[in-house]
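Working notes, beginning with the structure itself.
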Amino acid sequence: MMTHKIITSPVGVLSLVATDGVLSALRLGPPTELTGAGTPYGLAAEQGFEDVERQLAEYFDGRRCCFTVRVAPRGTDFQRSVWERVGSITYGSTATYKSLALGLGDAAKARSVGAALSRNPLNIVVPTHRVLGSRGALTGYSGGLEAKQYLLELEQSPGTEALRRSCSHTDKVPA
1 MMTHKIITSP
11 VGVLSLVATD
21 GVLSALRLGP
31 PTELTGAGTP
41 YGLAAEQGFE
51 DVERQLAEYF
61 DGRRCCFTVR
71 VAPRGTDFQR
81 SVWERVGSIT
91 YGSTATYKSL
101 ALGLGDAAKA
111 RSVGAALSRN
121 PLNIVVPTHR
131 VLGSRGALTG
141 YSGGLEAKQY
151 LLELEQSPGT
161 EALRRSCSHT
171 DKVPA
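The working numbering puts the first residue of the sequence shown at 1, with every later residue one more than the last.
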């Protein structure tokens, strides 16, 4: 069963979606309606999203660098491998589409990496905002370039320096 909840954040409205109680999507913006089919995000729910809401609040307050909520993103094997690799980009750091493609074994797959990132159902939790063009340019982000810029500035701000240092080790999850 799918449920959803709409919350507000510093980057605007966020749509949280759970499938059988596990976070399956976090989208920037309100849910879109499918013609004649209602919302594609299931029933509206007030309960069941407390953990992700708390972790998002901590992230936006500069007190959390990564997320520990259970997730169940849907995608192809290639997309999931790209999202997994993106998850290893540390808080406050960036990578390029090309470097991700090289890490997957083929620099020529940079466009395919970009396509996989555009289909990331778990914005912010899977930090695709940390991926830049080859010359460091802000390019493509399903939540919009303003949101991408905001998230990068948040993670690179002087106020989050201690968090960046403590999160530079993948085994640490400050709470």
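Don't be surprised by glycine CBs; every beta carbon is placed ideally from N, CA and C.
**Asked** residue 138 lies in the alpha helix (DSSP H); which residues open and close that run?
**Response** It is not in any alpha helix (DSSP H) - residue 138 carries neither H nor E in the DSSP assignment.
**Item:** Candidates 22, 25, 29 and 102: closest to residue 11 by CA position
**Value:** Across the set 22, 25, 29 and 102, the C-alpha of 29 shows the shortest separation from the C-alpha of residue 11.
**Cut-off 6 Å between Cβ atoms - residues of its own chain near residue 100, not counting five sequence neighbours on either side** = Excluding residues up to 5 positions away in sequence, 85 and 113 lie with their Cβ nearer than 6 Å to the Cβ of residue 100 in the same chain.
**Item:** Per DSSP, cross-strand counterpart(s) of residue 28
**Value:** Beta-bridge pairing links residue 28 to 14.
**Request:** Would you mind giving the Cβ-Cβ distance between residue 83 and residue 92, rounded to the nearest angstrom? I have them listed as a contact below 8 Å.
**Result:** Their Cβ separation, rounded to whole angstroms, is 19 Å, which puts residue 83 and residue 92 out of contact at 8 Å.
**Three-state secondary structure (DSSP) of residue 35** = Only weak support is given to the placement of residue 35: the predicted model assigns it a pLDDT of 38, under 50, and the value that follows is read from those uncertain coordinates. Here DSSP, grouped into helix, strand and coil, assigns residue 35 to coil.
**Alpha-carbon spacing of residue 44 relative to residue 2, whole angstroms** = Spanning the two alpha carbons is a distance of roughly 9 Å.
**Asked** Whose CA, out of 146, 148, 17 and 123, lies closest to the CA of residue 87?
**Response** Closest by alpha carbon: 123.
**Asked** With burial defined as no fewer than 16 other Cβ atoms inside 10 Å of the residue's Cβ, what is the status of residue 168: buried or exposed?
**Response** Taking every protein chain shown into account, the CB of residue 168 has fewer than 16 other CB atoms within 10 angstroms, so this residue is exposed.
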